[in-house]
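Here the protein sequences come in this chain order: A and B. In case it helps, my numbering puts the first sequence at residues 1 to 634. In case it helps, my numbering puts the second sequence at residues 1 to 634. Here the structure comes first, spelled out in structure tokens, and everything after it is commentary.
Number of protein chains: 2
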Amino acid sequence: MPDLQYVPPKEFERLRRLPLKPLDQAALFATCCRINALYMIAQAGSGHIGSSFSSLDIVSWLYLNELQPDDLYFSSKGHDAPGLYAVLLGLGLIPFEQIHRLRRLGGLPGHPDVATPGIVTNTGPLGMGISKAKGMAFAHRAQGKTNRLFVLTGDGELQEGQIWESLAGAVRSDLGELTVIVDHNKIQSDTWVRDVADLGDLEAKFRVFGWKVARCDGHDFSTLATTLRRLRRTSDRPKVLIADTVKGKGVSFMESAAMKTGERFYRFHSGAPDDASYARALQELAEHAASQLAVLGEPPLQLEIRPRSDRPSAQGAQRLIPAYSRALLAEAEQNPQLVALDADLELDCGLIAFRERFPDRYVECGIAEQDMVSQAGGMALRGLLPVVHSFACFLSTRANEQIYNNATERTKIVYVGSLAGLLPSGPGHSHQSVRDISVLASIPGLVLLEPSCEGEVAAAVEYCVRGTAESCYLRLVSIPCQVPYQLPADYRLAEGRGVALTEGEDAILFAYGPVLLAQAYEAAVRLRKEQGVGLSVINLPWLNRVDDTWLLETIGDCRQVFTLDDHYVAFGQGQMLAARIAALGVPGAVVRQLGLDALPVCGQNSEALLAHELDAGSLARQVAAVVQRERQRA
Amino acid sequence: MPDLQYVPPKEFERLRRLPLKPLDQAALFATCCRINALYMIAQAGSGHIGSSFSSLDIVSWLYLNELQPDDLYFSSKGHDAPGLYAVLLGLGLIPFEQIHRLRRLGGLPGHPDVATPGIVTNTGPLGMGISKAKGMAFAHRAQGKTNRLFVLTGDGELQEGQIWESLAGAVRSDLGELTVIVDHNKIQSDTWVRDVADLGDLEAKFRVFGWKVARCDGHDFSTLATTLRRLRRTSDRPKVLIADTVKGKGVSFMESAAMKTGERFYRFHSGAPDDASYARALQELAEHAASQLAVLGEPPLQLEIRPRSDRPSAQGAQRLIPAYSRALLAEAEQNPQLVALDADLELDCGLIAFRERFPDRYVECGIAEQDMVSQAGGMALRGLLPVVHSFACFLSTRANEQIYNNATERTKIVYVGSLAGLLPSGPGHSHQSVRDISVLASIPGLVLLEPSCEGEVAAAVEYCVRGTAESCYLRLVSIPCQVPYQLPADYRLAEGRGVALTEGEDAILFAYGPVLLAQAYEAAVRLRKEQGVGLSVINLPWLNRVDDTWLLETIGDCRQVFTLDDHYVAFGQGQMLAARIAALGVPGAVVRQLGLDALPVCGQNSEALLAHELDAGSLARQVAAVVQRERQRA
């Protein structure tokens with residue numbers, strides 16, 4: 001595991017002191033920022049290189065030459081945050097030691113959050129940026145301010161309906177202070193935008209919506225400068241600059257142009273580079289900086305070195321998404337009505353094998369969750385069984401009304417939300433789906449369930465497809481999980497019923513999903529061993545259903561009941577269970593709900609578990625405190 | 001209260017037998033359908049005349065001359081349902097006796113539902129229609145079918161982002177079988193589309209998205225016929241026909257052209273006409289039909305007469321929306337940072353006075369809930385206090401991710417959802433907001449509350465604006481309510497605490513909002529009088545918060561606890577309360593949750609309460625059964 005390198009503050013100071021023309025200064029600054037963005041992502045173990053690099057020349061130019069003190073800039077897509085952080089760090093606007101803390105607790109979140117200096121608004125969910133800027137402009141005008149607003153959007157992001165919903169209002173209000181810059185790098189999460197959902201004539205689209213449109217090379221500082229200057233003169237209309245960029249720009253093998261013919265997936269959208277790629281990329285960037293400096297008679301950059309932080313091994317971990325892929329494919333082989341829909345997360349949702357095997361039964365909808373869900377509704381009405389995929393955070397909330405509308409038609413649809421729960425906690429709260437139970441669980445005819453391990457995934461998929469006439473929401477954890485428990489050999493998935501993973505006489509705990517069940521199991525082991533406390537850990541994969549008979553039998557004589565949600569405590573599974581226990585009137589039972597009670601933190605997974613007191617140690621402590629108190633009372 | 005008149009089946013049979021040219025037949029048929037749509041709306045006491053009339057010529061033509069047996073038609077906007085029903089009734093596709101049962105239990109729902117013969121998909125929430133048609137087309141192709149699809153949209157509806165999100169995919173799939181017809185009547189819910197959110201060059205917009213575009217007069221059958229015929233020949237591209245129509249077409253004083261200069265609100269968007277307007281409109285339509293028939297040497301239509309059904313008087317009822325208007329205005333006078341946002345429901349959300357008093361602090365966003373909520377987020381970040389309005393069903397679900405995104409910025413925003421709860425039940429499930437608590441209650445820093453009467457509205461608004469640093473969701477019942485209880489003179493709104501409306505020793509019931517509190521209060525009165533049962537009815541306006549101390553004090557020795565939700569039982573206030581009682585471990589308490597446990601029915605308000613066993617009689621019966629059982633046990 002080699003060390004990592006970054007451009008330290010004193011080198012940025014050197015650049016500032018050099019008698020450079022703005023164009024040269026920006027080019028050099030951007031190269032330094034690329035080195036630092038790469039460093040942060042490598043250090044964090046994840047992050048979006050491709051769009052950080054495609055947007056970095058634009059962002060560098062804006063901060064160095066375009067933005068006036070009162071002007072505001074933010075990125076609507078938000079996942080280019082490492083690039084923006086690199087700029088803010090390079091300018092001294094963020095304390096420099098934060099460069100080592102991307103996606104760490106108390107550090108720089110995976111997606112922008114206003115708690116970070118220089119960050120104007122929270123982004124990460126796509127398509128909201130122009131709307132937010134309109135609101136800001138309204139406020140500025142009300143306050144007599146003349147701040148300008150610059151908003152960067154992705155190009156894949158333009159598939160979101162909210163973008164087009166937001167355009168007319170800006171024209172109505174003559175928002176000349178608003179400039180949108182499209183980072184048109186032509187590749188979205190999975191692959192080429194043109195293959196996912198072609199944008200057509202983008203200039204004409206914005207123009208017909210009433211916007212002033214310009215277009216230029218987003219890596220040519222000279223053209224950027226003149227184009228922005230020209231736009232500045234159009235005072236009373238909102239402006240859009242379509243900047244043609246290259247995803248991964250600045251490192252030859254990371255550039256989209258380096259993709260081979262027929263290569264479908266761009267490799268540097270998210271995730272850290274491997275060691276060799278990191279070293280090669282760093283070398284290229286450092287050499288580029290050196291040649292830029294050499295022209296000025298300056299020595300190369302003096303990079304600082306820092307060891308790469310440790311990360312837990314995923315060896316032996318269970319992976320639910322690949323298990324899901326296999327199970328879905330097996331069901332599809334049996335059921336010709338089954339079709340799969342995706343919203344630009346083919347890779348993350350485990351759909352590659354399905355697409356390859358059943359290209360005619362696969363619909364890639366692009367970043368258009370509402371459209372996808374309503375399409376599924378139409379398919380179900382006409383006899384198909386649609387299986388709808390996205391990240392849980394987006395699927396459950398962006399398309400919430402559409403899911404309900406489908407439910408009112410009493411058809412059968414399977415929704416699959418991956419990346420569910422608190423972890424991974426690196427991307428931050430926009431991606432941590434800890435609210436999806438609450439927003440879906442009240443829908444009549446929609447069963448919510450979450451498997452606890454690879455083995456249960458297959459049973460859950462079978463249930464969703466064949467085991468019920470109701471629609472289902474399958475909640476899936478995406479991170480590799482160390483699963484210390486085994487489901488009993490005779491355990492079968494049965495609606496509303498769960499299974500004990502440990503035996504215990506002092507307290508009982510209901511949970512679901514591999515992340516927190518693993519912590520609870522470990523807590524039970526420790527409690528038994530270290531404190532002689534017996535905690536029965538129950539895997540209840542049903543998130544909005546429980547079988548009363550099973551519940552009463554399972555609780556038995558136990559009176560100290562815990563629930564544990566990989567979700568907000570408010571309106572999660574635990575609340576449903578507690579309410580059911582209150583309805584059954586279990587005498588003397590006390591039900592304590594554990595889970596999230598505040599916005600989830602961003603950080604390494606272990607940091608997040610600890611911060612929310614959901615790690616094994618914290619769980620053991622909380623259970624032990626209750627049991628010891630009861631023992632003293634008795 | 002005069003009688004109502006409609007065109008009976010035998011008159012439609014007579015028309016069918018007449019040797020008419022298609023153009024004349026369609027014109028006469030459409031007039032008959034206008035008479036019947038008007039009848040249905042007058043009989044129901046509500047419904048959308050304006051858009052039923054603007055679309056009726058198009059819909060008549062399609063059914064009479066364009067649709068092949070396998071072709072499908074539906075309206076994406078859905079609120080023109082009375083017009084569509086009139087066509088389906090006229091063609092014998094819906095049992096004719098249903099004409100008397102618009103918005104009645106088991107009758108024709110306020111917005112389309114697939115349970116009705118001839119209805120293809122559930123619409124009413126806007127913007128989903130094209131997406132659904134795309135899904136249907138995909139299914140047809142998979143099944144080797146060649147059905148064509150015709151989808152009607154509104155023009156105001158085109159403000160919804162999902163419309164634009166859905167356009168590209170149809171081009172990608174060469175959906176030549178899809179024809180979208182825009183009922184371009186130029187007036188949306190409140191007023192002229194151009195004044196709310198001008199659509200700009202609509203033809204150019206669709207064209208730049210890759211659609212084949214045509215435009216014609218939507219009331220000229222000859223042009224309609226030739227335009228549709230021409231479109232039929234473009235086989236491989238999705239088509240849109242922009243049909244220029246007149247809202248209220250067919251009755252002189254209901255036509256938008258009859259609006260006076262400066263008149264802001266169109267009077268016949270929704271709601272039944274008064275007696276005089278009904279009579280005048282009927283006379284005009286009948287005379288028009290007579291003149292059409294006279295040309296053919298035929299006698300006038302023989303209309304059948306039916307008494308208008310009784311409707312409950314609203315005399316003495318409380319109206320929460322006007323109370324809200326006054327309270328908001330009072331707060332705005334004190335707080336210059338307060339701004340109001342609306343999504344084309346100025347009238348329904350009680351915002352007229354605000355707009356007139358503070359035009360510069362009012363933002364009309366059009367039918368664009370996501371854009372509105374994100375704009376509010378931007379305003380809050382820059383120092384304003386946005387108060388965001390729409391119907392509860394749309395605000396809470398369409399903009400769900402946007403509301404959460406705002407919450408992650410920890411700014412303060414007030415959301416106001418009107419038309420909350422089961423009633424009015426006439427519009428049907430798309431508009432009955434019985435899921436908003438569930439979808440919002442888990443958001444950290446968002447307090448949900450619902451006032452129980454006009455008096456509590458003022459206190460609630462004051463709390464939302466000044467009483468807390470948290471964001472709030474104010475849930476408002478829109479129907480006039482008979483409120484039989486009075487809040488105690490010394491009662492003050494305090495977070496998490498409620499107030500007893502009746503005293504009772506046998507059971508306690510927690511509820512909120514005027515609709516079900518009135519029923520519960522009435523149940524308590526009856527229980528005391530008729531069965532000697534004491535039911536304590538508690539108004540708890542806090543939907544996701546409860547004060548433990550107050551809760552324990554209030555329950556006291558009572559062990560039979562009921563909760564009552566104007567919402568699904570699943571993940572509503574009652575579940576939150578029951579879980580809290582389980583957490584507090586109240587020995588021997590049994591908590592029974594009442595509320596909705598299935599899709600809300602469409603019907604008159606009294607029908608819906610009865611169907612869901614939420615009327616006073618049903619509540620009394622359920623409470624009495626428990627109390628009597630306990631007494632026998634004791």
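Positions of the beta carbon are idealized from the N, C-alpha and C atoms, including for glycine.
As a quick exercise: from the options, pick the residue whose alpha carbon is nearest that of residue i.
i: residue 359 (chain B); options: B:336, B:418, B:161; result: B:336
i: residue 288 (chain A); options: A:562, A:551, A:594, A:35; result: A:35
i: residue 515 (chain A); options: A:188, A:423, A:572; result: A:423
i: residue 479 (chain A); options: A:149, A:121, A:250, A:606; result: A:606
i: residue 196 (chain A); options: A:186, A:205, A:136; result: A:186
i: residue 531 (chain A); options: A:454, A:471, A:580, A:620; result: A:620
i: residue 497 (chain B); options: B:539, B:461, B:482; result: B:539
i: residue 586 (chain A); options: A:463, A:554, A:601; result: A:554
Could you name the residues of chain A that residue i contacts, counting a contact when the two beta carbons are closer than 8 Å?
i: residue 408 (chain B); result: 113, 122, 429, 430, 599
To the nearest angstrom, how far is it from the Cα of residue i to the Cα of residue j?
i: residue 10 (chain A); j: residue 398 (chain A); result: 45 Å
i: residue 635 (chain A); j: residue 40 (chain A); result: Residue coverage of chain A in this structure runs from 1 to 634, which leaves residue 635 (chain A) outside it and unanswerable.
i: residue 508 (chain B); j: residue 589 (chain B); result: 11 Å
i: residue 273 (chain A); j: residue 46 (chain A); result: 8 Å
i: residue 389 (chain B); j: residue 433 (chain B); result: 14 Å
i: residue 220 (chain B); j: residue 21 (chain B); result: 14 Å
i: residue 564 (chain B); j: residue 395 (chain A); result: 30 Å
i: residue 293 (chain A); j: residue 343 (chain A); result: 44 Å
i: residue 333 (chain A); j: residue 361 (chain A); result: 11 Å
So what's residue i in DSSP terms, helix, strand or just coil?
i: residue 213 (chain B); result: strand
i: residue 510 (chain A); result: strand
i: residue 533 (chain B); result: coil
i: residue 296 (chain B); result: coil
i: residue 634 (chain A); result: coil
i: residue 10 (chain A); result: helix
i: residue 472 (chain B); result: strand
i: residue 601 (chain B); result: coil
i: residue 569 (chain B); result: coil
i: residue 405 (chain B); result: helix
i: residue 305 (chain A); result: strand
i: residue 282 (chain A); result: helix
i: residue 322 (chain B); result: helix
i: residue 153 (chain A); result: strand
i: residue 95 (chain B); result: coil
How would you write the range of the alpha helix (DSSP H) that residue i sits in, first residue to last?
i: residue 31 (chain B); result: 22 to 44
i: residue 206 (chain B); result: 202 to 208
i: residue 82 (chain A); result: 81 to 90
i: residue 233 (chain A); result: 221 to 233
Please list, in chain order, the chain A residues whose beta carbon lies closer than 9 Å to that of residue i.
i: residue 390 (chain B); result: Result: empty, since nearest Cβ-Cβ is about 12 Å, beyond 9 Å.
Return yes when at least one heavy atom of the ligand SAM lies under 7 Å from the C-beta of residue i, else no.
i: residue 165 (chain B); result: As for the ligand SAM, it is missing from this structure, which has no ligand bound.
Cβ closer than 9 Å: which chain B residues qualify as neighbours of residue i?
i: residue 414 (chain A); result: The premise fails here: residue 414 (chain A) is roughly 14 Å from chain B at the closest Cβ pair, so nothing lies under 9 Å.
i: residue 219 (chain A); result: Within 9 Å Cβ-Cβ: nothing; residue 219 (chain A) doesn't reach chain B, min ~27 Å.
i: residue 161 (chain A); result: 127, 160, 161, 162, 163, 164, 165, 166, 370
Give me the chain B residues within the contact set of residue i, using Cβ-Cβ distance strictly less than 8 Å, ordered along the chain.
i: residue 48 (chain A); result: Result: empty, since nearest Cβ-Cβ is about 19 Å, beyond 8 Å.
Cβ closer than 7 Å: which chain B residues qualify as neighbours of residue i?
i: residue 397 (chain A); result: 400, 401, 404
Where do the N-terminal and C-terminal ends of the beta strand (DSSP E) with residue i fall, by residue?
i: residue 186 (chain A); result: No beta strand (DSSP E) holds residue 186 (chain A); DSSP gives it neither H nor E.
i: residue 389 (chain A); result: 385 to 391
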